[in-house]
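Student:
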Amino acid sequence: MADWMLNRRVLPWLVTLGAFLMWEGVVRTFQIQAFILPAPSLVATTLVAQWEPILQHSLQTLMTTLVGLGLAIGFGVLLGLAVGASEKIYAGLYPLMVAFNSIPKVALVPILVIWFGIGTVPAILTAFLISFFPIVVNIATGLATVEPELNDLMRSLGANRLTVLRKVGLPRTLPYFFAALKVAVTLAFVGSVISETVAANAGVGYMMMVAGSRFEVPLVFAGLVVVGAMGIVLYQAFEWLERRLTFWAVRG
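Below you can see the structure in the form of C-alpha cells.
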C-alpha cells in the first residue's frame with residue numbers, strides 16, 4: 019500500500035519532468051527557433067521575468083472560471099435532479115440539451131458580446147455554458163441508476179418521494195457528480211480562455227492573443243503552462259474532496 023501511494027505521488031512528477039526534458043532536447047537538437055517552439059527553459063525564464071502581468075491575467079481567468087463553474091454546478095445539479103427524477107422532464111428537455119451542447123461555444127461568444135459587451139461577463143457565461151452539460155448528464159444518470167429495490171424499500175418504510183430523493187438519490191449521485199466536476203473544471207478553463215481570446219481586455223486568453231500578435235511565442239506558452247497548472251490544482255482539489263465524501267463508493 020505504501021509503495022502504491024508513493025508511486026501515485028511521485029510518478030506524475032517524473033512523467034511531467036520527462037516530458038519537459040524531451041521537449042527541451044527536441045528544441046536544442048533540431049535548433050528550433052523560439053518563435054516556432056520555445057524551449058521549456060525559455061518559457062520558465064519568461065514566467066519569472068513577466069510574473070506580474072502573468073499573475074494579474076491568471077487571477078482574472080481563475081475568477082471567471084470559478085464563477086462560471088459555480089453557476090454550472092448550481093444550474094447543472096438542479097436540472098440534473100429534475101431530469102433524473104422525472105421521465106417527462108427527461109423526454110422534453112434532453113433532446114434540446116443535446117442539441118445545444120452540440121453548438122460550438124465559440125460561435126456563441128459574438129452573441130454574448132452583443133448582449134453584454136466586451137469583458138468579464140462573456141467569459142463567465144462561456145465557461146458556464148461549456149461546463150454545465152456534463153454535470154446535468156451525470157447527476158441525471160446517477161438518479162436514473164438507483165436500484166428499484168432501494169426505492170421500494172424506502173417506500174415500504176413510509177418514506178415519501180422527497181425523502182427517498184434526499185436519503186437515497188442524492189448520496190447515490192455523489193460519485194457521478196464528482197466525476198462530472200473533474201471534467202467540467204477543465205472545460206470551464208477552455209470556455210474562459212476562448213472567450214478572452216475573442217472579446218476581453220484581460221485574462222490569460224487576452225494575454226496570449228496580444229503576445230501572439232507580437233510573435234512573443236514564449237509568453238504564449240507561459241500562458242498555456244499557467245492555465246494547465248491552475249487546471250491541475252483545481253482537479254486535485256476536487257479529487258481530494260471526492261475521496262473524503264465518497265470513500266464508501268470505492269472498493270478495495
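Per our numbering, residue 19 is the first one in the sequence shown, and the count goes up by one each step. The C-beta atom is built at its ideal place from N, Cα and C for all residues, glycine as well. Bear in mind the structure is a predicted one, so any value in this text is a computation, not a measurement.
1) Exposed or buried, which one is residue 47 when buried takes at least 16 other CB atoms within 10 Å?
2) Using three-state DSSP, classify residue 197 as helix, strand or coil.
3) Could you check the C-alpha separation between residue 127 and residue 156 for me, to the nearest Å?
4) Closest to residue 85 by CA distance: which of 145, 60, 246 and 233 is it?
5) Measuring straight from C-alpha to C-alpha, what distance separates residue 192 and residue 260?
6) Measure how close the beta-carbons of residue 214 and residue 79 come, nearest whole angstrom, since I'm counting them as under 8 Å.
7) Under the rule that 16 or more other beta-carbon atoms within 10 Å means buried, what is residue 138, buried or exposed?
8) Around the Cβ of residue 225, are there at least 16 other Cβ atoms within 10 angstroms (buried) or fewer (exposed)?
9) Within the same chain, show all residues whose beta-carbon is closer than 7 Å to that of residue 81, passing over the 5 residues directly before and after it, in chain order.
10) Report, in whole angstroms, the separation of the C-beta atoms of residue 231 and residue 221, which I expect to be a contact under 8 Å.
11) Consult DSSP for residue 163 and reduce its assignment to one of helix, strand or coil.
12) Thinking just about the alpha-carbon of each residue, which of 248, 153 and 101 is nearest to the one in residue 83?
13) Quick test of your reading: residue 152 and residue 218, contact by CB under 8 Å. State the CB separation rounded to the nearest angstrom.
14) May I ask you to report which of helix, strand or coil DSSP gives residue 190?
15) Flag this pair as yes or no: are the beta carbons of residue 120 and residue 206 separated by less than 8 Å?
16) Which residues in the same chain have their Cβ closer than 7 Å to the Cβ of residue 125, if we skip the five residues on either side of it in sequence?
17) Leaving out five residues before and five after residue 194 in sequence, what residues of the same chain have Cβ atoms less than 8 Å from its Cβ?
18) Whole angstroms is fine: what's the gap from residue 112's alpha carbon to residue 140's?
19) Three-state secondary structure (DSSP) at residue 126?
20) On the CB-based measure, 16 or more other CB atoms within 10 Å of its CB, does residue 163 come out buried or exposed?
21) Please list the terminal residues of the continuous alpha helix (DSSP H) segment that includes residue 137.
22) Output the boundary residues of the alpha helix (DSSP H) element that contains residue 56.
23) Looking only at its chain, what residues have a beta carbon closer than 6 Å to the beta carbon of residue 279, apart from the 5 residues adjacent to it on each side?
24) Give the straight-line distance between the Cα atoms of residue 91 and residue 250, rounded to the nearest whole angstrom.
25) Can you tell me where the alpha helix (DSSP H) with residue 234 in it begins and where it stops?
26) Does the Cβ-Cβ distance between residue 50 and residue 240 come in under 8 Å?
Tutor: In terms of the structure at hand:
1) For the purposes of this step, residue 47 is identified with residue 29 of the sequence shown, where counting begins at 1. It counts as exposed.
2) Taking the sequence shown and counting its residues from 1, the one referred to as residue 197 is at position 179. If DSSP states are grouped into helix, strand and coil, residue 197 belongs with the helices.
3) Here residue 127 is taken as the residue at index 109 of the sequence shown, counted from 1. Here residue 156 is taken as the residue at index 138 of the sequence shown, counted from 1. Near 26 Å, if we compare the C-alpha coordinates of residue 156 and residue 127.
4) Here residue 85 refers to the residue found at position 67 of the sequence shown. Residue 145 is the option with its Cα nearest to residue 85.
5) Position 174 of the sequence shown, counted from the first residue, corresponds to residue 192. Position 242 of the sequence shown, counted from the first residue, corresponds to residue 260. About 8 Å.
6) Locating residue 214 in the sequence shown gives position 196, where the first residue counts as 1. Locating residue 79 in the sequence shown gives position 61, where the first residue counts as 1. Right, their Cβ atoms sit about 7 Å apart.
7) In the sequence shown, counting from the first residue as 1, residue 138 sits at position 120. Buried, since its Cβ has 16 or more Cβ neighbours within 10 Å.
8) Taking the first residue of the sequence shown as position 1, residue 225 is located at position 207. Burial call: buried.
9) Residue numbering aside, residue 81 sits at position 63 when the sequence shown is read from its first letter. Nothing listed; no residue qualifies.
10) If you number the sequence shown from 1, residue 231 lands on position 213. If you number the sequence shown from 1, residue 221 lands on position 203. Contact flag wrong, Cβ pair sits at about 15 Å.
11) Looking up residue 163 in the sequence shown gives position 145. Looking at residue 163 - three-state DSSP - the assignment turns out to be coil, as it is neither helix nor strand.
12) Here residue 83 is taken as the residue at index 65 of the sequence shown, counted from 1. Considering only alpha carbons, the answer is 248.
13) As a working note, residue 152 is residue 134 in the sequence shown. As a working note, residue 218 is residue 200 in the sequence shown. With 8 Å as the limit, residue 152 and residue 218 do not qualify as a contact, their Cβ atoms being about 24 Å apart.
14) For this step, residue 190 is matched to residue 172 along the sequence shown. Helix, per DSSP.
15) Taking the first residue of the sequence shown as 1, we reach residue 120 at position 102. Taking the first residue of the sequence shown as 1, we reach residue 206 at position 188. No, Cβ-Cβ distance for residue 120 and residue 206 is not below 8 Å.
16) Working through the sequence shown from its first residue, we reach residue 125 at position 107. Excluding sequence neighbours, residue 125 sits near nothing in its chain.
17) Counting from 1 along the sequence shown, the entry for residue 194 is found at position 176. So the qualifying residues of the chain are 156, 157, 159 and 160.
18) For the purposes of this step, residue 112 is taken as the residue at position 94 of the sequence shown. For the purposes of this step, residue 140 is taken as the residue at position 122 of the sequence shown. Approximately 25 Å between the Cα atoms of the pair.
19) If you number the sequence shown from 1, residue 126 lands on position 108. The answer is coil: DSSP assigns residue 126 none of H, G, I, E or B.
20) Translated into positions along the sequence shown, residue 163 becomes position 145. Answer is exposed; the Cβ neighbour count stays below 16.
21) Here residue 137 refers to the residue found at position 119 of the sequence shown. No alpha helix (DSSP H) holds residue 137; DSSP gives it neither H nor E.
22) Against the sequence shown, residue 56 aligns to sequence position 38. Note, residue 56: premise wrong, no alpha helix (DSSP H); not H, not E.
23) Shown here, the chain extends from 19 to 270; a query on residue 279 therefore has no answer.
24) As a working note, residue 91 is residue 73 in the sequence shown. As a working note, residue 250 is residue 232 in the sequence shown. Each residue's alpha carbon lies about 19 Å from the other.
25) Walking along the sequence shown from the start, residue 234 turns up at place 216. Premise fails: residue 234 is in no alpha helix (DSSP H) and is neither H nor E.
26) For the purposes of this step, residue 50 is taken as the residue at position 32 of the sequence shown. For the purposes of this step, residue 240 is taken as the residue at position 222 of the sequence shown. Against a cut-off of 8 Å, the Cβ pair of residue 240 and residue 50 comes out as no contact.
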